[in-house]
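First the structure, in the form of structure tokens, and then the observations on it.
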Amino acid sequence: MNAAIIGCGAIHEMHARAIMALPNANLKAVVDCNEERAKQAAEKYDCKAYVDYKEMLKDSEIDVVHLCTPHYLHGVMAIDAMGAGKHVLTEKPIAINIQQGEEMIKVSKETHRHLCVCFQTRYRNSSLKVKEILDSGKLGAIKGIKGILTWYRSEEYYTGSHWRGKFETEGGGVLINQAIHTLDLMQWFGGEVEAIKGHVDTRVFQDVIEVEDTADAQLYFKNGARGIFFATNGYSDNAPIQMEIHCEDGILRIEDESLFLIQNDEKKALAHNQPLEGAKGYWGNSHKKMIERFYRGIQNHDDSIYVTGEEGLKALQLIEVLNKSSRLNKKIYL
Ligand SMILES: NC(=O)c1ccc[n+]([C@@H]2O[C@H](COP(=O)([O-])OP(=O)(O)OC[C@H]3O[C@@H](n4cnc5c(N)ncnc54)[C@H](O)[C@@H]3O)[C@@H](O)[C@H]2O)c1
91 MNAAIIGCGA IHEMHARAIM ALPNANLKAV VDCNEERAKQ AAEKYDCKAY
141 VDYKEMLKDS EIDVVHLCTP HYLHGVMAID AMGAGKHVLT EKPIAINIQQ
191 GEEMIKVSKE THRHLCVCFQ TRYRNSSLKV KEILDSGKLG AIKGIKGILT
241 WYRSEEYYTG SHWRGKFETE GGGVLINQAI HTLDLMQWFG GEVEAIKGHV
291 DTRVFQDVIE VEDTADAQLY FKNGARGIFF ATNGYSDNAP IQMEIHCEDG
341 ILRIEDESLF LIQNDEKKAL AHNQPLEGAK GYWGNSHKKM IERFYRGIQN
391 HDDSIYVTGE EGLKALQLIE VLNKSSRLNK KIYL
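Here it is in structure tokens:
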């Protein structure tokens with residue numbers, strides 16, 4: 091299958107490398123409205139450069155489009171690409187609001203094009219092992235889940251970008267950009283969330299950005315489990331994400347990129363996440379696994395092996411409810 095990447099910024103290289111490593115894929119084009127960026131990427135990957143994505147969409151040989159653009163463009167670009175007959179893999183979040191995400195899913199159904207959302211952290215060794223153990227039921231019922239993200243973002247991270255830090259273009263702050271992966275994993279592990287009582291705040295960048303840099307919440311799962319969530323971009327370092335799943339017969343803990351099982355005062359390592367050379371550690375090394383699944387899903391007409399639009403929408407729903415709960419200062423049911 092021939093692929094094109096739209097957006098040649100920070101994350102696009104993870105997609106380019108993964109596509110080039112796949113036996114059934116070929117990177118045919120890159121697009122960036124910044125001509126210099128597009129040209130540089132095209133030279134590096136020996137493919138065609140475009141500045142206007144609509145021109146690229148006219149190439150009937152392109153089968154799959156990867157969206158590595160700012161959040162507000164995911165909706166419109168995905169809909170245009172599916173309308174032009176392409177399958178779409180969008181970086182997270184699916185869109186900047188639920189309505190746009192639902193529209194994308196509708197177009198995917200109408201056009202029979204595959205739509206995948208980039209939640210690569212589901213394919214980390216630690217996440218896959220947790221999911222396997224929870225699904226086996228061998229630790230009994232889930233009683234609680236904790237997800238804690240404490241990362242560092244500088245003032246320049248926001249002031250140096252035309253789209254970050256603004257509701258119109260980023261759609262939110264630490265929740266929609268950084269912690270969306272943690273919320274996705276919490277609901278993937280714990281099942282449906284029934285209600286949320288949460289709070290968002292701008293504590294470090296209050297004079298710099300419109301959106302939140304810190305958020306916390308109590309999640310109430312349908313199965314009765316309690317969820318604790320905390321996320322901030324106001325720490326001094328990109329600390330490894332901490333997650334814990336408290337089950338009747340043991341605790342699963344992800345810390346320092348390893349998964350441990352704690353039972354009867356014994357702590358046993360079950361899995362470790364491999365870092366990827368030349369990439370930011372907290373992105374993980376799972377883009378390749380995720381992209382491989384998507385291409386396999388397209389070829390085998392099987393959307394059960396990748397994160398579909400519907401699946402990708404779930405974390406965004408949690409974010410919208412958390413924000414509403416903060417605005418109204420009350421527990422909100424989904
Ligand atoms: N999955 C992950 O772990 C992960 C990690 C980092 C970023 N991301 C996501 O990837 C996306 C991009 O983030 P980034 O950090 O690479 O951003 P970035 O700002 O570094 O890059 C975005 C690129 O898109 C280009 N662009 C903007 N408008 C365009 C248009 N109309 N047509 C063509 N190109 C256009 C910009 O010129 C820029 O080169 C975001 O959705 C972000 O949330 C995901």
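Residue numbering for the sequence shown follows our numbering, beginning at 91 and increasing consecutively. The beta carbon of each residue, even a glycine, is placed where N, CA and C say it ideally should be. On a predicted model such as this, the values are computed, not experimentally measured, just so you know.
So for residue i, helix, strand or coil by DSSP?
{"i": "residue 201", "result": "helix"}
{"i": "residue 141", "result": "coil"}
{"i": "residue 425", "result": "The question about residue 425 has no answer here: the residues shown for the chain are numbered 91 through 424."}
{"i": "residue 315", "result": "coil"}
{"i": "residue 218", "result": "helix"}
{"i": "residue 134", "result": "helix"}
{"i": "residue 147", "result": "helix"}
{"i": "residue 299", "result": "coil"}
{"i": "residue 285", "result": "strand"}
{"i": "residue 254", "result": "coil"}
{"i": "residue 293", "result": "coil"}
{"i": "residue 342", "result": "strand"}
{"i": "residue 128", "result": "helix"}
{"i": "residue 309", "result": "strand"}
{"i": "residue 324", "result": "strand"}
{"i": "residue 213", "result": "helix"}
{"i": "residue 385", "result": "helix"}
Which word fits residue i, buried or exposed, when buried means at least 16 other C-beta atoms lie within 10 angstroms of its C-beta?
{"i": "residue 326", "result": "exposed"}
{"i": "residue 392", "result": "exposed"}
{"i": "residue 160", "result": "buried"}
{"i": "residue 211", "result": "buried"}
{"i": "residue 117", "result": "buried"}
{"i": "residue 358", "result": "exposed"}
{"i": "residue 180", "result": "buried"}
{"i": "residue 395", "result": "exposed"}
{"i": "residue 157", "result": "buried"}
{"i": "residue 418", "result": "exposed"}
{"i": "residue 423", "result": "exposed"}
{"i": "residue 363", "result": "buried"}
{"i": "residue 173", "result": "exposed"}
{"i": "residue 190", "result": "buried"}
{"i": "residue 226", "result": "exposed"}
Shorter than 7 Å, the distance from the beta carbon of residue i to the closest heavy atom of ligand 1, or not?
{"i": "residue 121", "result": "yes"}
{"i": "residue 237", "result": "no"}
{"i": "residue 249", "result": "no"}
{"i": "residue 224", "result": "no"}
{"i": "residue 143", "result": "yes"}
{"i": "residue 275", "result": "no"}
{"i": "residue 365", "result": "no"}
{"i": "residue 259", "result": "no"}
{"i": "residue 127", "result": "yes"}
{"i": "residue 134", "result": "no"}
{"i": "residue 190", "result": "no"}
{"i": "residue 159", "result": "yes"}
{"i": "residue 102", "result": "yes"}
{"i": "residue 124", "result": "yes"}
{"i": "residue 387", "result": "no"}
{"i": "residue 96", "result": "yes"}
{"i": "residue 210", "result": "yes"}
{"i": "residue 163", "result": "yes"}
{"i": "residue 181", "result": "yes"}
{"i": "residue 402", "result": "no"}
{"i": "residue 267", "result": "yes"}
{"i": "residue 255", "result": "no"}
Which residue marks the beginning of the alpha helix (DSSP H) containing residue i, and which one marks its end?
{"i": "residue 280", "result": "270-280"}
{"i": "residue 107", "result": "102-111"}
{"i": "residue 348", "result": "That residue, residue 348, is in no alpha helix (DSSP H); its beta strand (DSSP E) goes 348-353."}
{"i": "residue 417", "result": "399-418"}
{"i": "residue 264", "result": "264-267"}
{"i": "residue 164", "result": "164-173"}
Under DSSP, the beta strand (DSSP E) around residue i begins and ends at which residues?
{"i": "residue 333", "result": "332-337"}
{"i": "residue 182", "result": "First-last for residue 182: undefined, no H or E at that position."}
{"i": "residue 249", "result": "Taken as a continuous stretch (DSSP letters only), residue 249 belongs to no beta strand (DSSP E), being part of the alpha helix (DSSP H) at 245-249."}
{"i": "residue 240", "result": "232-240"}
{"i": "residue 362", "result": "356-362"}
{"i": "residue 117", "result": "116-121"}
{"i": "residue 157", "result": "154-157"}
{"i": "residue 94", "result": "92-96"}
Check the Cβ-Cβ distances between residue i and every residue of chain B, and say whether any is below 8 Å.
{"i": "residue 389", "result": "In the structure shown, chain B does not exist; there is a single protein chain."}
Is residue i near ligand 2, with its Cβ less than 7 Å from a heavy atom?
{"i": "residue 99", "result": "Although ligand 2 was asked about, the structure shown includes only ligand 1 as ligands."}
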